[in-house]
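Reading through the structure tokens given below for one structure.
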Amino acid sequence: MVSFRRYLELVKNVKKDLKTPKLGIEKEIKIENLTFFYDERKHKIFNELNIELKKGEIVQIIGDNGTGKTTLIDLILNLLEVKKGSIKLDNVKVDDIDDFSLQKIVGIVPQNIYLFSETVRNNIKVGRDINDKKILRLAKELNFDDIVKSEGINLETFIFNNGGNLSGGQKQKICILRALIGEPALLILDEADAYLDVKSKLNFYNFIKNTKDDRITVFVSHKEQPFLKPDRIISLPNSNL
Ligand SMILES: Nc1ncnc2c1ncn2[C@@H]1O[C@H](COP(=O)(O)OP(=O)(O)O)[C@@H](O)[C@H]1O
Ligand SMILES: [Mg+2]
Numbered sequence: 020m021v022s023f024r025r026y027l028e029l030v031k032n033v034k035k036d037l038k039t040p041k042l043g044i045e046k047e048i049k050i051e052n053l054t055f056f057y058d059e060r061k062h063k064i065f066n067e068l069n070i071e072l073k074k075g076e077i078v079q080i081i082g083d084n085g086t087g088k089t090t091l092i093d094l095i096l097n098l099l100e101v102k103k104g105s106i107k108l109d110n111v112k113v114d115d116i117d118d119f120s121l122q123k124i125v126g127i128v129p130q131n132i133y134l135f136s137e138t139v140r141n142n143i144k145v146g147r148d149i150n151d152k153k154i155l156r157l158a159k160e161l162n163f164d165d166i167v168k169s170e171g172i173n174l175e176t177f178i179f180n181n182g183g184n185l186s187g188g189q190k191q192k193i194c195i196l197r198a199l200i201g202e203p204a205l206l207i208l209d210e211a212d213a214y215l216d217v218k219s220k221l222n223f224y225n226f227i228k229n230t231k232d233d234r235i236t237v238f239v240s241h242k243e244q245p246f247l248k249p250d251r252i253i254s255l256p257n258s259n260l
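In case it helps, this note's numbering puts the sequence shown at residues 20 to 260.
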């Protein structure tokens, strides 16, 4: 699980350099002629793949298990190195962007949820200078109040054992708040609604649709989501066949 560690680096310790302006994405992410395989397997997961992701769009990426959805995300985040071709944010290759700047651009809800042994508050803030008011406001907009101010769980609740004391949906909501609170220019949702009940899913979809203009939203899933209604759907070819 190499990327698990790198994901942590991406979200942790964002506070280091407050003077650097928050970077945005002016126009697009361009994936050009991307070829990738894992060294131990050699089998090409992507062969000359071309995708453009435009600012303001919600793009859903669909593919069966093992088609490379998570791998594609890891490549966009420069957690893996492309073998051929390039991935550019507004004409700058992702491998020329330092981790710290990338951190500020990206909000990710990864497929594998990870939580720190800390309070709910600190799991959402992860070192950033964010006050409770802002967290509560976002939770209210998402209708995720149950996670921040209910009897059972609130900002003070201590999380144990990667969320062993929480339900799957509660854990996912914390990860969603963590990703959205930084107002990322690139929001990546990797099967990010898998544990949400229908009502929470709808609230979540509505929120990302209502706030989509200033960012690129990539919604990864193994099947179509009837209520999401993305601007575009990209199906990844099944390279295992
Ligand atoms: N670190 C890795 N090393 C080798 N093979 C991997 C690694 N991660 C994933 N794979 C393989 O790459 C393919 C794509 O995996 P993944 O991107 O996780 O698919 P998806 O997210 O679409 O289910 C699968 O066949 C998987 O077994
Ligand atoms: Mg995956």
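Beta carbons are placed, not taken as given, at the ideal position from N, Cα and C, and that holds for glycine. None of the values given here were measured: they were computed from a predicted structure.
Item: Sheet register partners of GLY126 (DSSP bridge); Value: LEU206
Item: Integer Cβ distance of THR54 from LYS123, believed to fall under 8 angstroms; Value: Actually they do not touch by this definition, with Cβ atoms about 29 angstroms apart.
Item: Environment of ligand 3 in chain order, Cβ to heavy atom below 6 angstroms; Value: Among the ligands present in this structure, namely ligand 1 and ligand 2, ligand 3 is not found.
Item: Contact under 8 angstroms by Cβ, ALA158 with ASP164; Value: yes
Item: C-beta contact flag for GLU59 and ASP109 at 8 angstroms; Value: no
Item: Rounded C-alpha distance that separates LEU196 from ILE154; Value: 8 angstroms
Item: GLN79 vs ILE207 beta-carbon contact at 8 angstroms; Value: no
Item: Residue burial classification, ASP115 (beta-carbon count within 10 angstroms, cutoff 16); Value: exposed
Item: Bridge partners - ILE64, DSSP secondary structure assignment; Value: ILE64 pairs with nothing; no bridge assigned.
Item: In DSSP terms, what LEU72 is bridged to; Value: ILE48
Item: Proximity to GLN130 [Cα-Cα], best of PHE119, ILE92, VAL113, LEU205; Value: ILE92
Item: Those residues which DSSP pairs with GLN79 across a bridge; Value: PHE238, ILE252
Item: Residues bridged to LEU215 (per DSSP); Value: Answer by DSSP bridge pairing: none, since LEU215 is not bridged.
Item: GLN244 beta carbon near ligand 2 (any heavy atom closer than 7 angstroms); Value: no
Item: Top-ranked residue by Cα proximity to GLU183, from GLU45, VAL139, ILE200, ILE149; Value: Reading the sequence as shown, one finds Gly at residue 183 and not Glu. Out of GLU45, VAL139, ILE200, ILE149, VAL139 has the C-alpha closest to the C-alpha of GLY183.
Item: Residues near ASN162 in its chain [Cβ-Cβ closer than 6 angstroms; skip 5 each side]; Value: ASN222
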